[in-house]
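Protein chains in written order, with this note's numbering: chain W, 16 to 452; chain A, 16 to 452.
Shown next, in structure tokens, is the structure this report addresses.
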């Protein structure tokens, strides 16, 4: 039984939009064999004319995106413009017009998802966003459906490929952050303005979404604690290795009795963990459920075709649910809209983790005694400590230590007091440690 | 909006059945928040009384499984008996009675899936089987839905935890196969009769299912080439490490121009690949799609709660699709039933791969020349070769080599001729190599 073709309108025909057009046309036969009906891009809106490698055969290419969301013949609108506006207004208008929407726009969902999903819920349409997190990895589907029987304990992910590329290069080649960043920009992995990637904003967008579907809470981007990789030095990467750890830029959300942790920061991970071995631009997300235990999902987190893979899967899902009673569809945030929880997000000061600390200590008796006394006063136990040879011509000695778990507020106070010691030069470098088991 | 409760009948209340009962009751609140309605086990059939750790509160426990499949009040039958009969007859009867079925039974699906799905298709009901492959990892969902936009190129998986535990112990501790197997049996990882695990039959069942959902072909268990791990020696594990490889028991299915490869055998994998680092009883499946590239899915492949996680996810999926027009549901084998392909399965003799070879050569001039001449005659190029010190009191020298890719038939002939050489003692050990990139 072959039902009517489903008509798709693409907003955007650039990197990802072009990829979606190409995957839908290149795999048309197989997609039809799967979906049971044809899926055809009838219209696409783009400001720039599409490049020659995009298959626009049979497609009406327009400049005006509004003409697509207002076109009554189009069943599904695919938003690939990116950014907040006009993406938000176009999405809301498409919903208002009764269209299903597929988007790859993590910023839009993280900041305006609550509003968008409420509108979609009211109208009985679906907004699908698999491509918004970890590119081609079907992680939204895995958490929202594949692990639906679980009480999810925590989710930890390498969800920014640029950051992971930089950290991998720093480790493999002992290179410095700024140096690798420049190369990543030249290779096209990093944007000309790398703020979103290296300062963790992109990862925070994705983590916001992961936390909501894992725990059934509203999207709360403004509550994410966010720290980039710009202050990681190659020496920290090397010292971490000496202790048996890798440094990864991790998005982590965890349920605790006091509230939900929601944080993005560089993290030491034991190097025997599978996720510690995810290198280069690849992404991976580790999900821990009470029944299933740890599960990991790995793949390309960005790029034309991997992102298109996720967008097309969403389109097929939307097509399959066309005849499903809206109340029976998979809810946008995994939990029924009227069953979201108001569990508080834990302020970073309340979060408990272990730490890697590095400081420059003058080489004279009693210096370490002063440091360890401050730590002891704050209830912080030291798990390991190494004194390193001085760097360059600096006569101060790098002291590196790993601590046991302690509340962040206590560590803040300890660091404030250590930095005030005369025998300690400059700032204390602090990187959090997670064992992920 | 809370719809009516969905009534579940469990066939089997042992390890997995008890796990399903416990997960459904333990996570009842969260599952209801996700599914939008209550999911309640009203009946369970079991020959043995359930153990005290199984929550049977509110459940009618019966001895007679037929009373469940014939009960008009039950919406979904969950088959957790295992084996071929009466699982097959019960499943077919449940379908005939218009019930949806969820099963964890890989043997049943691999051998009788075509018949069962045809019956379900005719009746407009769903048979879900996520737990049949790789336990708690949502791999069926990932391939069938998450990667639905892709032309899948190949799938390779560590899909038998017992075998992986044995190989991991052999590597980590240099122990012998029989020794580790005995321990695995004592720990409960391996069955008293370990045939299904160590001879690859269990993996072949799962690979059969993976191939069908990846390529849209009927289930063809009888076409799987199957080789167990019983002949791997700890010396091979060590020599493989010397070349930078790990030995894993892999199920592999690949699309080639000549046909589909479908094979289970020990495999050398470069040790820098993520899947080469999946250790112990854990499972992982690597899926390569044309758009997404490589993706990997990792988790517990067996055990009470991980398997229950997959079964409960299937139950929730079935509940969500209750109001979906049957023609719009995800097809059992990922492709519409009338759109399955008759792509031939490639006989093993036609499969092309690289090889690890180990032989015992007498220590005199010209021996290697004889071996390399035979390989050259068969068009086999050598990539690397190492002569090893003699083992024990044996004066013959182990010679280990890696070859480039060649058709299996040619390697068979080469090995036949090498084994006929007077200067080569005993059998040639041959292990296939896959780079998985």
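The C-beta atom is built at its ideal place from N, Cα and C for all residues, glycine as well.
Only a predicted model underlies this, so the values are computations on that prediction, with no experimental measurement involved.
Does residue i pass the burial test, meaning 16 or more other C-beta atoms within 10 Å, or should it be called exposed?
{"i": "residue 225 of chain A", "result": "buried"}
{"i": "residue 393 of chain W", "result": "buried"}
{"i": "residue 145 of chain W", "result": "buried"}
{"i": "residue 330 of chain A", "result": "buried"}
{"i": "residue 444 of chain A", "result": "buried"}
{"i": "residue 439 of chain W", "result": "buried"}
{"i": "residue 33 of chain W", "result": "buried"}
{"i": "residue 16 of chain W", "result": "Only weak support is given to the placement of residue 16 of chain W: the predicted model assigns it a pLDDT of 40, under 50, and the question is left unresolved by the model."}
{"i": "residue 27 of chain A", "result": "buried"}
{"i": "residue 88 of chain W", "result": "exposed"}
{"i": "residue 437 of chain A", "result": "exposed"}
{"i": "residue 401 of chain A", "result": "exposed"}
{"i": "residue 202 of chain W", "result": "exposed"}
{"i": "residue 189 of chain W", "result": "exposed"}
{"i": "residue 452 of chain W", "result": "exposed"}
{"i": "residue 114 of chain W", "result": "buried"}
{"i": "residue 398 of chain A", "result": "exposed"}
{"i": "residue 396 of chain A", "result": "exposed"}
{"i": "residue 287 of chain W", "result": "exposed"}
{"i": "residue 280 of chain W", "result": "buried"}
{"i": "residue 429 of chain A", "result": "buried"}
{"i": "residue 450 of chain W", "result": "exposed"}
Can a CB atom of chain W be found closer than 8 Å to the CB of residue i?
{"i": "residue 16 of chain A", "result": "Low local confidence applies: a pLDDT of 40 at residue 16 of chain A is under 50, so the model's placement there is unreliable, and no value is given."}
{"i": "residue 233 of chain A", "result": "no"}
{"i": "residue 438 of chain A", "result": "no"}
{"i": "residue 38 of chain A", "result": "yes"}
{"i": "residue 338 of chain A", "result": "yes"}
{"i": "residue 452 of chain A", "result": "no"}
Taking only beta-carbon positions, decide if residue i is within less than 8 Å of chain A.
{"i": "residue 32 of chain W", "result": "no"}
{"i": "residue 25 of chain W", "result": "no"}
{"i": "residue 221 of chain W", "result": "no"}
{"i": "residue 312 of chain W", "result": "yes"}
{"i": "residue 269 of chain W", "result": "no"}
{"i": "residue 342 of chain W", "result": "yes"}
{"i": "residue 261 of chain W", "result": "no"}
{"i": "residue 183 of chain W", "result": "no"}
{"i": "residue 15 of chain W", "result": "No statement about residue 15 of chain W is possible, as the shown extent of chain W runs from 16 to 452 and does not include it."}
{"i": "residue 321 of chain W", "result": "yes"}
{"i": "residue 292 of chain W", "result": "yes"}
{"i": "residue 157 of chain W", "result": "yes"}
Who are the neighbours of residue i on chain W, taking C-beta pairs under 9 Å?
{"i": "residue 327 of chain A", "result": "163, 164, 165, 306"}
Using a Cβ cut-off of 7 Å, pull out every chain W residue sitting near residue i, in sequence order please.
{"i": "residue 332 of chain A", "result": "160"}
Run down chain A in chain order and give the residues with a C-beta less than 9 Å from the C-beta of residue i.
{"i": "residue 405 of chain W", "result": "The premise fails here: residue 405 of chain W is roughly 34 Å from chain A at the closest Cβ pair, so nothing lies under 9 Å."}
Can you list the residues of chain A that residue i reaches, using a CB-CB cut of under 7 Å?
{"i": "residue 324 of chain W", "result": "162, 164, 165, 304, 306, 307"}
Quick one: list the residues of chain A neighbouring residue i, beta-carbon separation under 8 Å, in chain order.
{"i": "residue 186 of chain W", "result": "Under the 8 Å cutoff, chain A gives no residues; its nearest Cβ is about 14 Å from residue 186 of chain W."}
{"i": "residue 289 of chain W", "result": "289, 292, 293, 313"}
{"i": "residue 22 of chain W", "result": "By Cβ distance, chain A contributes nothing, its closest Cβ being about 17 Å from residue 22 of chain W, past 8 Å."}
Taking residue i as the query, report the chain W residues whose CB atoms sit under 8 Å from its CB, ordered along the chain.
{"i": "residue 335 of chain A", "result": "339, 343, 344, 345"}
Per the contact definition of three or more C-beta pairs closer than 8 Å, is the region 259 to 279 of chain A in contact with the region 181 to 191 of chain A?
-> Judged by Cβ distances under 8 Å, the region 181 to 191 of chain A makes contact with the region 259 to 279 of chain A, as three or more pairs qualify.
Do the region 408 to 415 of chain A and the region 376 to 387 of chain A meet, that is, are 3 or more Cβ pairs less than 8 Å apart?
-> yes
Output, in sequence order along the chain, the residues in the region 344 to 378 of chain W whose CB is closer than 9 Å to any CB in chain A.
-> Within the region 344 to 378 of chain W, the qualifying residues are 344, 345, 346, 349, 350, 351, 353, 354, 355, 356.
If you measure beta-carbon to beta-carbon, which residues of the region 272 to 284 of chain W are closer than 7 Å to chain A?
-> Taking 7 Å as the upper bound on Cβ-Cβ separation, chain A lies near no residue of the region 272 to 284 of chain W.
Would you say the region 314 to 334 of chain W touches the region 31 to 49 of chain W, given that touching needs at least three Cβ pairs under 8 Å?
-> yes
Say whether the region 60 to 72 of chain A touches the region 342 to 358 of chain A, bearing in mind that this needs 3 or more beta-carbon pairs closer than 8 Å, one atom from each stretch.
-> no
For the region 162 to 178 of chain W against the region 304 to 313 of chain W, are there 3 or more C-beta pairs whose distance is under 8 Å?
-> The region 162 to 178 of chain W is in contact with the region 304 to 313 of chain W.
Closer than 7 Å, Cβ to Cβ, to anything on chain A: give me those residues from the region 85 to 118 of chain W, in chain order.
-> none
Could you name the residues of the region 138 to 153 of chain A whose beta carbon sits closer than 9 Å to any beta carbon of chain W, in the order they occur along the chain?
-> 145, 150, 151, 152, 153
Does the region 248 to 255 of chain A come close enough to the region 212 to 223 of chain A that 3 or more CB-CB pairs lie under 8 Å?
-> no
Can you list, in chain order, the residues of the region 42 to 54 of chain W whose Cβ is nearer than 7 Å to any Cβ on chain A?
-> 42, 45, 46, 48, 49, 51
Are the region 123 to 140 of chain W and the region 50 to 62 of chain W touching by the rule of at least three beta carbon pairs closer than 8 Å?
-> no
Count the C-beta pairs between the region 41 to 54 of chain W and the region 338 to 350 of chain A that are closer than 8 Å, then say yes if the count reaches three, no if not.
-> yes
Per the contact definition of three or more C-beta pairs closer than 8 Å, is the region 313 to 321 of chain A in contact with the region 331 to 340 of chain W?
-> no
The region 112 to 119 of chain A in contact with the region 87 to 103 of chain A per 3-pair CB rule at 8 Å = Flag = yes, the region 112 to 119 of chain A and the region 87 to 103 of chain A touch.
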